[in-house]
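S.K.:
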Amino acid sequence: MAETIKIKKGLDIPLKGAAGKIFTRAPAPGTYAVKPADFHGIFPKLTVKPGNRVKAGSPLFFDKNNPGVLFTSPVSGKVQSINRGERRRILEVIVESDSTIEYESFRKADPDDLSREEIKDSLLKSGLWPCIRQRPYSIIANPDDTPQAIYISAFDTAPLAPDMDFVVQDREAGFQAGINAIKKLTDGIVHLNINSDYPASPVFTRAEKVQINKFTGPHPAGNIGIQIHHLNPLNKGDLVWYLGPQDVITIGQLFLTGKYDASKVIALTGSEVIKPVYYKFINGASIEPLVKDNVHEGSLRYISGNVLTGKCIDPDGYIGYYDSQVTVIPEGNHHEFMGWLSPGFKKFSFHRSFFSWLMPKKKYEVDTNLHGGKRALMITGNYERVMPMDIFPMQLIKAIIVEDIDLMEKLGIYEVAEEDFALVEFIDTSKNDIQEIIRKGLDIMRKEMS
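If you use this note's numbering, the sequence shown corresponds to residues 9 to 458, in order.
1. Going along the chain, which residues of its own chain have a beta-carbon closer than 6 angstroms to the beta-carbon of Q397, five neighbours each way excluded?
2. Can you tell me the Cα-Cα spacing of I160 and G306, whole angstroms?
3. Enumerate, from N- to C-terminal direction, the unbroken alpha helix (DSSP H) stretches of 4 or more residues contained entirely within the region 91-149.
4. Apart from the five residues on each side of it in sequence, which residues of its chain come closer than 6 angstroms, Cβ to Cβ, to K116?
5. Go through its chain and collect everything with a Cβ distance to D451's Cβ below 6 angstroms, but skip five positions before and after it.
6. Give me the residue from K439, D428, Q443 and I446 with the minimum Cα distance to G230.
7. Roughly how many angstroms separate the alpha carbons of V101 and T55, rounded to a whole number?
8. Would you check if the distance between the CB atom of V248 and the CB atom of P155 is smaller than 8 angstroms?
9. On the CB-based measure, 16 or more other CB atoms within 10 Å of its CB, does N291 come out buried or exposed?
10. For K63 and Y111, which I take to be in contact (beta-carbon distance under 8 angstroms), what is that distance rounded to the nearest angstrom?
11. Looking at I337 and L131, is the spacing between their C-beta atoms short of 8 angstroms?
12. Please list the segments of the alpha helix (DSSP H) lying wholly inside the region 181-267, counting only runs of 4 or more residues, in order along the chain.
13. Do S279 and L19 have their CB atoms nearer than 8 angstroms?
14. I need the DSSP call for R179, collapsed to helix, strand or coil.
15. Whose C-beta lies closer than 7 angstroms to the C-beta of M386 among residues of the same chain, with five residues either side of it excluded?
16. State the CB to CB distance for the pair A162 and M172, rounded to an integer number of angstroms; the pair is presumed to be in contact (CB under 8 angstroms).
17. Name, in chain order, the residues that DSSP records as bridge partners for T80.
18. Have a look at V256, D246, R92 and L431 and flag the residue whose alpha-carbon is nearest the alpha-carbon of A181.
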């Protein structure tokens, strides 16, 4: 029996709008997008142009720095447009979908009968290699590397996060096939991390060729970086890979069917959603059919992901490659009468600034208002209360700001990613973009070590 690792530091943010455990099949949107911005650190080189026909699994672009890493279409159809931003940076490759999906044919085989190189070749050609990311730096894994271990977090503790046990039900064959494939990519252990607070899905508990680890505690107990830190902390020169449960299933389906099946389950959540439920969807789809006539009126923020780490998208925008959640909350573009002088019974506060702390079981509607402007970093000791790592978060942030590489190394830069500092940013009284600072530090170290 695996020993349970207890995460004591952190914070669960009680929000309204959790998805009810009902599967719904949304109307298929007309367009899908693959967004290079979802894959940090790549330099995309297009292989298609508007008007080209593609199948599900056809390459749309590749990484200039690693041409073997392809990014493929989730559906068949016609390339409708290539949207660009400043300096002609590629923002989205939009594919107008056919009514019936045609698939590229890839190798169908039992992963146990394939070598590491054959599995790697299938993942690269199908465009599924980007499912696998690495620590340090939280970027797409290099196919030429061999990780010391591979980690899978089977639960998510972010606000309103989908229940992964519910998401993976009846998908045991795909999950095990995916495990069999990724096990060939490492000489070490495949760690499957589950939540010990409730019985995990048999899809996870019956999985073979994995080491099951149990965790309990508040958010960010479900973050892969926190789990790695408590199992095997990373030092300079260490390398591990990680991926999510639905990524494992997608990889498994590739070997079971010989097709790139980009279908996934996402949770539509948030206080402004009328009927928050789970949807069976195709990755990269427009969220328009999900939110049409299913959100309250008003000025709203649409987020691909959760409220702490997700990205703002338009009401007809596209879900991110790694996201299993769409959140809709009110915009904070309004003034409040009396502001912080009000009792604040309807406001959540980590610092007990309002009387709402007297109602610990209450759930809240939050908006995007920062309730103040940026100011100097303040030493309060609060960062350490929500950071369950043996590091000094304030000192690491300052070392990144001044770009002190040696100090960043000593303070644990190799162990962290932006998501690990999301709660720090949430409670930060200085209103600084902490996650952006952490990403800047990771990019500096990656450039220095390359």
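Don't be surprised by glycine CBs; every beta carbon is placed ideally from N, CA and C.
M.R.: On the basis of the supplied data:
1. Looking at the sequence shown, residue 397 is not Gln but Met. Within the same chain, M397 has close Cβ partners H237.
2. 38 angstroms
3. 124-134
4. G266
5. Setting aside the 5 residues that flank it on each side, D451 has no residue in the same chain whose C-beta is closer than 6 angstroms to its C-beta.
6. D428
7. 11 angstroms
8. Yes.
9. Residue environment: N291 is assigned as buried (16 or more neighbouring CB atoms within 10 Å of its CB, all protein chains considered).
10. 6 angstroms
11. no
12. 210-213, 232-239 and 253-265
13. no
14. Three-state result, R179: coil.
15. T437 and S438
16. With a Cβ gap of about 6 angstroms, A162 and M172 count as contacting.
17. P67
18. V256
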